[in-house]
Amino acid sequence: MTLHDRIRARAARLCSPETMERLIDPILTDVQIEHQNAIAEGRVWRSRWVRIAGYFAFVKVIAFYAYGQTVREWSVDEGQAFARTVGVSTAAFVVTALLLISPTVRSVPTNLLLYQIPQTLPLAIPVGVTLGIFCGLGGRVIPLRLKGAALALALTCSAGSLATMAWIIPAASQGYRVSVSEHLRLTQGTDATLSTGPLEMTLSELRAKVDALEQSGRARAARNAAFAYYLRWALPGAPFVLALFALSIMPRLPVRRWAIAVAACGACLSYFLLLLVADTAARQTQLPIAASVWLPNLVFAVASTALMVAAERPSASAARFATRY
Amino acid sequence: MLSEKEFLILELLSQGKPMYGLQLVAASRRRLKRGTVYVTLGRMEEKGYITSMLEEPPSKAGGLPRRVYQPTALGQRVLAAWTGGARVLMPEFAR
Chain A
13 MTLHDRIRAR AARLCSPETM ERLIDPILTD VQIEHQNAIA EGRVWRSRWV RIAGYFAFVK
73 VIAFYAYGQT VREWSVDEGQ AFARTVGVST AAFVVTALLL ISPTVRSVPT NLLLYQIPQT
133 LPLAIPVGVT LGIFCGLGGR VIPLRLKGAA LALALTCSAG SLATMAWIIP AASQGYRVSV
193 SEHLRLTQGT DATLSTGPLE MTLSELRAKV DALEQSGRAR AARNAAFAYY LRWALPGAPF
253 VLALFALSIM PRLPVRRWAI AVAACGACLS YFLLLLVADT AARQTQLPIA ASVWLPNLVF
313 AVASTALMVA AERPSASAAR FATRY
Chain B
22 MLSEKEFLIL ELLSQGKPMY GLQLVAASRR RLKRGTVYVT LGRMEEKGYI TSMLEEPPSK
82 AGGLPRRVYQ PTALGQRVLA AWTGGARVLM PEFAR
């Protein structure tokens with residue numbers, strides 16, 4: 013079975029026969045033929061490029077199709093509510109990122125600010141998603157598919173946050189240090205020695221550092237490095253658990269806008285306060301680091317589950333009303 | 022109402038023989054993208070502006086039949102009306 017056949021078989025499970033005929037088969041066939049033509053002409057690199065570009069285009073087609081299928085079922089009101097959620101999320105994300113980076117604007121040269129931006133993202137993303145969901149969907153009955161779309165948005169943001177913490181921040185941080193070192197060498201003639209800190213390490217490097225510190229008996233340093241390591245896994249979970257919490261608490265909130273805004277800010281602040289508690293617990297007690305770092309996610313997940321379970325049960329007053337009439 | 026991409030596709034298809042997706046991408050000089058051309062073609066087919074058929078499979082390419090597209094009579098009328106309207110509203114467009 014060729015790659016083409018495997019992709020086609022997977023797509024056939026997801027798409028209707030009509031979509032396969034009109035959308036999937038034409039693109040796969042065009043890519044396959046173009047690839048074979050390039051091989052027949054002896055253009056190996058061209059054939060590889062055709063395949064990469066073709067399958068990338070295929071993924072885009074599938075994404076467009078999935079989005080179109082989801083939105084097609086929605087009412088105008090639902091579409092507007094989701095658009096409002098995305099809009100508020102984006103605005104809140106940008107404002108939070110700007111607020112977080114503003115203290116460094118005066119001390120860091122403008123050309124180096126770009127390297128600082130990634131560090132704001134893991135905090136700005138959950139704030140953006142939470143405010144977006146609270147303000148975009150608050151004060152209304154949320155149908156199941158809109159909840160699903162909001163959770164899918166949060167999950168995508170979590171994935172983006174994980175990628176930022178795992179790869180982009182270490183690369184940007186190292187780039188910043190190299191640029192500053194070069195700047196110092198050129199302007200002051202001083203050679204700065206660059207040692208890699210936890211922020212500049214990739215996940216595997218950080219894990220190896222934790223193990224090395226533990227083996228050498230430096231328990232405190234090992235705990236600090238382990239906190240940085242587990243935080244990279246736990247913090248990207250924030251958009252998802254906060255979105256889950258927002259969706260489960262919103263039916264209980266009053267419709268008033270100020271109450272929704274206060275609840276949104278309160279949820280974000282509570283999460284970050286819990287993270288501070290986790291940080292203190294990890295550094296000053298003997299609690300397992302992983303448990304303390306995952307504490308905020310766990311608390312919000314449990315609270316969301318409890319709220320959802322409570323919402324499923326009929327309230328005492330409703331039960332009294334039902335028995336009386 | 023025709024979108025910019027739909028207009029471009031109709032214009033390219035009206036020039037002669039039926040074309041397949043990647044051919045349209047190449048002929049549009051990068052104004053159409055691989056990732057969106059098939060979605061647009063599918064939507065235009067649903068609207069009835071174009072029709073598609075499977076061409077004879079070429080023997081050297083493993084016998085895979087390509088789907089080629091051509092404008093319908095409705096598509097050609099829409100294109101003519103759209104171009105005519107644009108000439109009236111924006112004379113510089115027609116030059």
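Residue numbers (this note's numbering), protein chains in the order written: chain A, 13 to 337; chain B, 22 to 116. C-beta atoms are modelled at their ideal positions from N, C-alpha and C, and glycine is treated no differently. Just so it is clear, the structure is predicted and the values come from calculations on it, not from any experiment.
When burial is assigned at 16 or more other CB atoms within 10 Å of the CB, is residue i buried or exposed?
| i | result |
| --- | --- |
| Arg-116(B) | At Arg-116(B) the pLDDT is 47, less than 50, meaning the model places this residue with poor confidence; the figure from the coordinates comes in the next sentence. The residue is exposed, with fewer than 16 neighbouring Cβ atoms inside 10 Å. |
| Val-267(A) | exposed |
| Gly-56(B) | buried |
| Lys-38(B) | exposed |
| Pro-182(A) | buried |
| Arg-118(A) | exposed |
| Arg-22(A) | exposed |
| Ser-14(A) | The question names Ser, but residue 14(A) in the sequence shown is Thr. With fewer than 16 other Cβ atoms within 10 Å, it is exposed. |
| Glu-27(B) | buried |
| Pro-138(A) | buried |
| Ile-39(A) | buried |
| Ala-200(A) | Residue identity check: residue 200(A) is Gln in the sequence provided, not Ala. Exposed, because fewer than 16 other Cβ atoms sit within 10 Å of the Cβ of Gln-200(A). |
| Asp-37(A) | buried |
| Thr-292(A) | exposed |
| Gln-36(B) | exposed |
| Met-323(A) | Residue identity check: residue 323(A) is Ala in the sequence provided, not Met. With fewer than 16 Cβ atoms within 10 Å of its Cβ, Ala-323(A) is classed as exposed. |
| Tyr-79(A) | exposed |
| Thr-176(A) | buried |
| Ile-64(A) | exposed |
| Ala-290(A) | buried |
| Leu-111(A) | exposed |
| Ala-171(A) | exposed |
| Ala-255(A) | buried |
Return the CA-CA distance between residue i and residue j, expressed in angstroms with no decimal places.
| i | j | result |
| --- | --- | --- |
| Leu-100(B) | Gly-42(B) | 19 Å |
| Met-32(A) | Leu-163(A) | 28 Å |
| Phe-76(A) | Leu-53(B) | 15 Å |
| Phe-284(A) | Ala-136(A) | 12 Å |
| Val-321(A) | Ala-238(A) | 35 Å |
| Ala-250(A) | Pro-134(A) | 9 Å |
| Met-65(B) | Ser-59(A) | 30 Å |
| Thr-93(B) | Thr-41(A) | 23 Å |
| Ala-233(A) | Leu-225(A) | 7 Å |
| Ile-71(B) | Cys-277(A) | 51 Å |
| Thr-108(A) | Arg-87(B) | 50 Å |
| Leu-307(A) | Leu-174(A) | 18 Å |
| Tyr-242(A) | Pro-130(A) | 18 Å |
| Pro-115(A) | Leu-124(A) | 14 Å |
| Thr-102(A) | Leu-165(A) | 12 Å |
| His-47(A) | Tyr-67(A) | 11 Å |
| Leu-31(B) | Gly-96(B) | 7 Å |
| Asp-89(A) | Pro-155(A) | 11 Å |
| Arg-325(A) | Ala-318(A) | 11 Å |
| Ser-191(A) | Gln-298(A) | 39 Å |
| Val-100(A) | Met-213(A) | 33 Å |
| Ile-74(A) | Ser-24(B) | 21 Å |
| Leu-126(A) | Leu-265(A) | 39 Å |
| Ala-50(A) | Trp-57(A) | 9 Å |
| Leu-198(A) | Ala-52(A) | 53 Å |
If I'm right that residue i touches residue j with Cβ under 8 Å, what's the distance once you round it to whole angstroms?
| i | j | result |
| --- | --- | --- |
| Leu-149(A) | Ala-93(A) | 6 Å |
| Arg-295(A) | Arg-235(A) | 7 Å |
| Leu-211(A) | Ser-185(A) | 5 Å |
| Leu-33(B) | Ser-49(B) | 6 Å |
| Gly-151(A) | Ile-272(A) | 6 Å |
| Val-274(A) | Phe-312(A) | Wrong, their Cβ atoms sit about 17 Å apart, outside the cutoff. |
| Leu-85(B) | Gln-44(A) | 6 Å |
| Gly-63(B) | Arg-34(A) | 5 Å |
| Phe-257(A) | Ser-316(A) | 5 Å |
| Ala-104(A) | Gly-160(A) | That pair is no contact at about 21 Å. |
| Asn-309(A) | Ala-246(A) | 6 Å |
Please tell me whether, using a cut-off of 8 Å, the distance from the CB of residue i to the nearest non-hydrogen atom of the ligand SAH is below it.
| i | result |
| --- | --- |
| Gly-229(A) | Ligands in the displayed structure: none, and consequently the ligand SAH is not present. |
- What residues in the stretch 39 to 54 of chain B have a beta carbon less than 7 Å from any beta carbon of chain A? Against chain A - using a Cβ distance shorter than 7 Å - the residues of the stretch 39 to 54 of chain B are Tyr-41, Gly-42, Leu-43.
- Item | chain B contacts made by the stretch 67 to 79 of chain A, where a contact means CB separation under 9 Å | Phe-68, Ala-69, Phe-70, Val-71, Lys-72, Val-73, Ala-75, Phe-76, Tyr-77
- Query: Which ranges does the alpha helix (DSSP H) cover as unbroken runs of at least 4 residues, wholly within the stretch 86 to 110 of chain B, from first to last along the chain?
  - Reply: 94 to 110
- Item | Runs of alpha helix (DSSP H) wholly within the stretch 84 to 123 of chain A (minimum 4 residues, chain order) | 88 to 117
- What are the residues of the stretch 24 to 36 of chain A that lie near chain B, defined by any Cβ-Cβ distance shorter than 7 Å? Considering only beta carbons, the part of the stretch 24 to 36 of chain A lying closer than 7 Å to chain B consists of Arg-34, Leu-35, in chain order.
- Query: Which parts of the stretch 202 to 271 of chain A are runs of the alpha helix (DSSP H), unbroken and 4 residues or longer, counting only runs that do not cross its ends?
  - Reply: Segments of the alpha helix (DSSP H) lying fully in the stretch 202 to 271 of chain A: 215 to 227, 231 to 246, 250 to 261.
- Identify each residue in the stretch 210 to 225 of chain A for which the Cβ-Cβ distance to at least one residue of chain B is less than 7 Å, and report them in chain order. none
- In chain order, each beta strand (DSSP E) run of at least 3 residues that lies wholly inside the stretch 157 to 200 of chain A: none
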